[in-house]
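Undergrad: One structure coming up, written as structure tokens, with questions to follow.
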Amino acid sequence: MKVGFIGLGRMGAAMAANLLKAGHEVTVYNRSPDKARALSALGARVAASVADACRGDAIITMLANDEAVDSVAFDDGGVLASVASGGMHISMSTISVALSARLSAAHTAAGQRFIAAPVFGRPEAAAAAQLFIVAAGARAAVDACAPLFSAIGQRVFNLGDEPSAANLVKLSGNFLIASVIEALGEAMALIGKARIDQRSYLDLLTSTLFNVPLYKIYGGLIVERNFEPAGFAAPLGLKDIRLTLAAAEELQVPMPLASLLRDRFLTLVARGGEAMDWSAISQLSAQDAGQERQLP
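Below, the structure written as structure tokens:
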């Protein structure tokens, strides 16, 4: 397929590279042109503008937040103004439910197709084409994306016709991941203060009660204090928890744990942790317990 790709951070660059490796004709655009050079060497065409990237069968956006997606989509010369009638916009960013609904309505009014397809997986999974894709939109449109999704992910979960459902599920998933990080941080602070070896403790947890990738990945980061470079930066974690709370308020669903997590991320960022992985909130528990484990 001929596909445009906008947003070449660590996740986006890896996803675009896998599309190229799968034989798709890819045009890339990024506000910082330097990020497109490595993909150009793999065969990507580098677009000079957003509009220039929107001339294929589909355009994929993989951007950091609502503000970036809103600008790329709605500005003059943006995605909505540039995608042909019947063309597809595949939003793979983690964005608010409200923005997803707005994008869906705007694309429908323009005679275009909109698919929300956020992903679960860190940059390593993106590089290995092992992402999990949460997709929602008109069934025919989601089915048309199959060749693209198969190039970047290991499984697609179709959540129906309403695109914003995929975004709500993605936010709920990130809330659960953050909850695991906070719980692990508190447990590790307890074990560490008792002078019990945390590596042995993690081995016990992941061999018995929690023999799942999530505990192994984040438990390893916490025990080794491996928070830089960030696979998913703390400000993005703060953003996602805020979006989760906004969706919960709209639906009148109290989420007291999410409120706690918002404050944990806010504390981490306020203490200078902007460049750290979001798993660094785990160290706040150790500091609260009086352990001399200051953040790097």
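Reminder that position 30 of the sequence shown reads as 14 in my numbering, one-by-one numbering, no gaps.
Every residue gets a Cβ at the ideal spot worked out from N, C-alpha and C, and that includes glycine.
1) Give the secondary structure of phenylalanine 194 by DSSP, where H, G and I count as helix, E and B as strand, and everything else as coil.
2) Give the single residue among Ser269, Ala57 and Leu235 whose Cα lies nearest to the Cα of aspartate 247.
3) What residue from Glu108, Ala42 and Ile136 has the CA that sits closest to asparagine 2's CA?
4) Output needed for leucine 168: all residues of its chain with C-beta closer than 8 Å, excluding positions within five of it in sequence on either side, in chain order.
5) Closer than 8 Å is the cut-off here; do at least three beta carbon pairs connect the stretch 9 to 17 with the stretch 29 to 36?
6) Give the DSSP-derived three-state secondary structure of histidine 73 in the structure shown.
7) Say whether the stretch 98 to 116 touches the stretch 136 to 147, bearing in mind that this needs 3 or more beta-carbon pairs closer than 8 Å, one atom from each stretch.
8) Output needed for proline 147: all residues of its chain with C-beta closer than 8 Å, excluding positions within five of it in sequence on either side, in chain order.
9) Can you tell me which of the three DSSP states phenylalanine 216 falls into?
10) From what residue to what residue does the beta strand (DSSP E) around leucine 241 run?
11) What's the C-alpha gap between aspartate 281 and leucine 188?
12) Have a look at the DSSP bridge pairing and note the partners of glycine -4.
13) Could you tell me which residues DSSP pairs with leucine 115 in its beta bridges?
14) Output yes or no for whether 7 Å exceeds the beta carbon distance between valine 67 and valine 56.
15) With glycine 61 and valine 103 assumed to form a contact (beta carbons below 8 Å), what rounded beta-carbon distance in angstroms separates them?
16) Mark valine 196 as exposed unless 16 or more other C-beta atoms lie within 10 angstroms of its C-beta, in which case mark it buried.
17) Which of helix, strand or coil does DSSP assign to asparagine 142?
18) Are valine 253 and proline 219 closer than 7 Å when you measure CB to CB?
19) May I ask you to report which of helix, strand or coil DSSP gives arginine 183?
20) Going by other Cβ atoms of all chains shown within 10 Å of its Cβ, with 16 needed for buried, is lysine 223 buried or exposed?
21) By Cβ distance below 7 Å, which residues in the same chain neighbour leucine 227 in space, the five residues on each side in sequence not counted?
22) Need the endpoints of the alpha helix (DSSP H) that valine -14 sits in, please.
23) Taking the C-alpha atoms as reference points, what is the distance between threonine 251 and leucine 160?
24) Using a threshold of 7 Å, state whether the C-beta atoms of phenylalanine 216 and alanine 264 are closer than that.
25) From the DSSP output, in three-state form, read off isoleucine 265 for me.
26) Tell me, please, which residues DSSP counts as bridged to alanine 100.
27) If I follow the unbroken beta strand (DSSP E) through valine 12, where does it start and stop?
28) Going by C-alpha distance, which of Ala82, Ala150 and Glu51 is nearest glutamate 284?
29) For alanine 90, which residues from the same chain have a beta carbon less than 7 Å from its beta carbon, with the 5 sequence-adjacent residues on both sides left out?
30) With DSSP collapsed to three states, give me the class of alanine 22.
TA: Let me lay it out:
1) coil
2) Aspartate 247 has its Cα closest to that of Ser269, out of Ser269, Ala57 and Leu235.
3) Checking every option, the nearest Cα to that of asparagine 2 belongs to Ile136.
4) Tyr199, Tyr202, Gly203, Ile206 and Ser266
5) yes
6) It is a strand residue.
7) yes
8) Ser75, Ser84, Ala85, Leu87, Ser88, Phe98, Ile99, Ala100, Ala120 and Gly121
9) Reduced to three states, the DSSP call for phenylalanine 216 is coil.
10) Here leucine 241 belongs to no beta strand (DSSP E); instead the alpha helix (DSSP H) covers 240 to 254.
11) With the chain covering only -15 through 280, there is no way to say anything about residue 281.
12) In the DSSP output, where bridge partners are listed per residue, glycine -4 has none listed.
13) The partner list for leucine 115 (beta bridge, DSSP) reads Gly137.
14) no
15) Contact flag wrong, Cβ pair sits at about 27 Å.
16) exposed
17) strand
18) Taking a C-beta distance under 7 Å as the contact criterion, valine 253 and proline 219 qualify as a contact pair.
19) helix
20) buried
21) Ser80 and Leu155
22) Reading off the sequence shown, one finds lysine at residue -14, where the question assumed valine. Careful: lysine -14 lies outside any alpha helix (DSSP H), inside the beta strand (DSSP E) at -14 to -10.
23) 19 Å
24) no
25) helix
26) Ser75 and Ala120
27) 9 to 13
28) Outside the modelled stretch of the chain, which goes from -15 to 280, sits residue 284, for which no answer is possible.
29) Leu64
30) The answer is helix: DSSP assigns alanine 22 an H, G or I state.
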